[in-house]
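Remarks on the structure that follows.
Residue numbers (this note's numbering): 20 to 431.
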């Protein structure tokens, strides 16, 4: 019999798994300019390759997002890691846009299987009376995005096999995590209804619905900004600012996601409403600086812009997510996290698809400016609406987090 990790160790393993999935998802971003040269891709093709990943993720999340509430967390997470390994093998074999697109689709399926179960697993394993699950659900994705961007960019610039080596490293990490998952404790009891749970539906627990509706503009604006950074930042650096260094491209992505992760860690003691409002304000300011960077063709201003916007991304998402996670019972957590990521990834993908279609018509410069303006408007509107709601109904004390069984002593 395989020995099981205690909850604190299992919590770390799941958190690392979240970061690894997101690192793998961001690894292609600094490589897009190289893919354009090697495979003779257009900017629209690059955006399509980015977007099919998210569309595959969304379709899978609709079908598989609630399954772990019925069959258990561990088998679903193991399946996701196996599929992710397959996608990384496809990246290693990619010799053109067709295989590259296929690799992204398979990666989207893997991440779609994983996102709902990983979020629920972290909430199950968190120490009773804490909000560590919500914190890691917010920090680990953006930290993973940062690591993936830096790793891919650095290896592409300074190591051999620039379009292959990063995927080999990630494949090794995924296989190690697959072994570690075998040691995780199971936190979700098997119960009937797994096939019914695979019907495409977004299920939000009844008592969480008002808060979820209020959080939708926050999720939409933060992740639409993430889509902007990951889909066009490399091309913007190359074509608008003359920066062709892959490592620098990865560092710009890391400035965005790393600032978000660090801000979430430093701001975790603040209330959820304070985090959300401060984050939205920083997001708007960062987008304003991003527009200025494009107009001035300034790399320094761009780095400042993505850093400030990253702070906004991290703490706004954490505040909105933390306000929701205490409102779900243990058997509802997978469904709630799937709904959160469904909204987030729709916002992540759809603007990028539209941007890809517009690049050929109006150019990358105008497209990036318009994208930033739209996301900034959504964020500013969300901030104003939240402030108006707060004046009408002052925030009450935060609800306590619940452990896997809703009682002390579980998930220590």
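Where a beta carbon is used, it is the ideal one built from N, C-alpha and C, also for glycine. No experiment lies behind these values; they were computed from the predicted model shown.
Taking a C-beta distance under 8 angstroms as the contact criterion, residue 85 and residue 354 qualify as a contact pair.
Between the alpha carbons of residue 331 and residue 162 lies a gap of roughly 14 angstroms. Ranking 217, 268, 107 by CA distance to the CA of residue 124 puts 107 first. With contacts defined by Cβ atoms closer than 8 angstroms, residue 247 and residue 394 form a contacting pair. The Cβ-Cβ distance between residue 343 and residue 222 does not fall below 8 angstroms. Burial state of residue 61 is exposed, judged by a 10 Å Cβ sphere holding fewer than 16 other Cβ atoms. The segment 248-268 and the segment 34-50 touch, with no fewer than 3 CB-CB distances between them shorter than 8 angstroms. The segment 37-45 makes contact with the segment 133-144: 3 or more CB pairs, one atom from each, lie closer than 8 angstroms. In this structure, residue 165 keeps its C-beta atom at 8 angstroms or more from the C-beta atom of residue 334. Collapsing the DSSP output to three states places residue 370 in a helix. In the three-state scheme derived from DSSP, where H, G and I count as helix and E and B as strand, residue 97 is classed as helix. Within a 10 Å sphere around the beta-carbon of residue 76 sit 16 or more other beta-carbons, which makes this residue buried. The beta-carbon separation of residue 384 and residue 340, rounded to 34 angstroms, does not stay under the 8 angstroms limit for a contact. At least 8 angstroms separates the beta-carbon of residue 261 from that of residue 298. Around the beta carbon of residue 236, 16 or more other beta carbons lie within 10 angstroms, which makes this residue buried.
Note on the segment 20-65: whole alpha helix (DSSP H) runs with a minimum of 4 residues are 26-45, 51-58, in chain order.
With a beta-carbon spacing of about 14 angstroms, residue 194 and residue 32 fall beyond the 8 angstroms limit used to define contacts.
Non-local C-beta neighbours of residue 301 in its own chain, meaning closer than 6 angstroms and more than five positions away in sequence, comprise 327, 330, 331, ordered along the chain. In the structure shown, the three-state DSSP call for residue 114 is coil. Annotation: the continuous alpha helix (DSSP H) that includes residue 176 extends over 151-177.
Residue 131 counts as buried, since at least 16 other C-beta atoms from the protein chains shown sit within 10 angstroms of its C-beta. The segment 389-408 makes no contact with the segment 93-101, as fewer than three CB pairs between them are under 8 angstroms. Contact check for residue 115 against residue 58 passes: the beta carbons are separated by less than 8 angstroms.
Only residues of its own chain outside the window of five on either side were considered, and among them 342, 343, 346 have a CB closer than 7 angstroms to the CB of residue 230, listed in chain order. Scanning its chain for C-beta atoms nearer than 7 angstroms, with the 5 sequence neighbours on each side dropped, one finds around residue 362 the residues 235, 238, 239, in chain order. For a cut-off of 8 angstroms, the C-beta gap from residue 199 to residue 88 is around 22 angstroms, too long to register as a contact. Its chain contains 308, 311, 312 as the residues whose beta carbon lies nearer than 7 angstroms to that of residue 320, once the 5 sequence neighbours on both sides are disregarded; these appear in chain order. By the neighbour-count criterion, in which a residue is buried when 16 or more other Cβ atoms sit within 10 angstroms of its Cβ, residue 127 is buried.
The beta carbons of residue 109 and residue 118 sit closer together than 8 angstroms. Ranked by Cα distance from residue 243, the options 389, 22, 54 are led by 389. Ranked by how close their Cα comes to the Cα of residue 112, the residues 213, 182, 173 have 182 in first place. Residue 145 sits in coil when the DSSP states are folded into three classes, being neither helix nor strand. By the neighbour-count definition (other C-beta atoms within 10 Å, threshold 16), residue 316 is an exposed residue. For residue 192, the enclosing alpha helix (DSSP H) covers residues 184-200.
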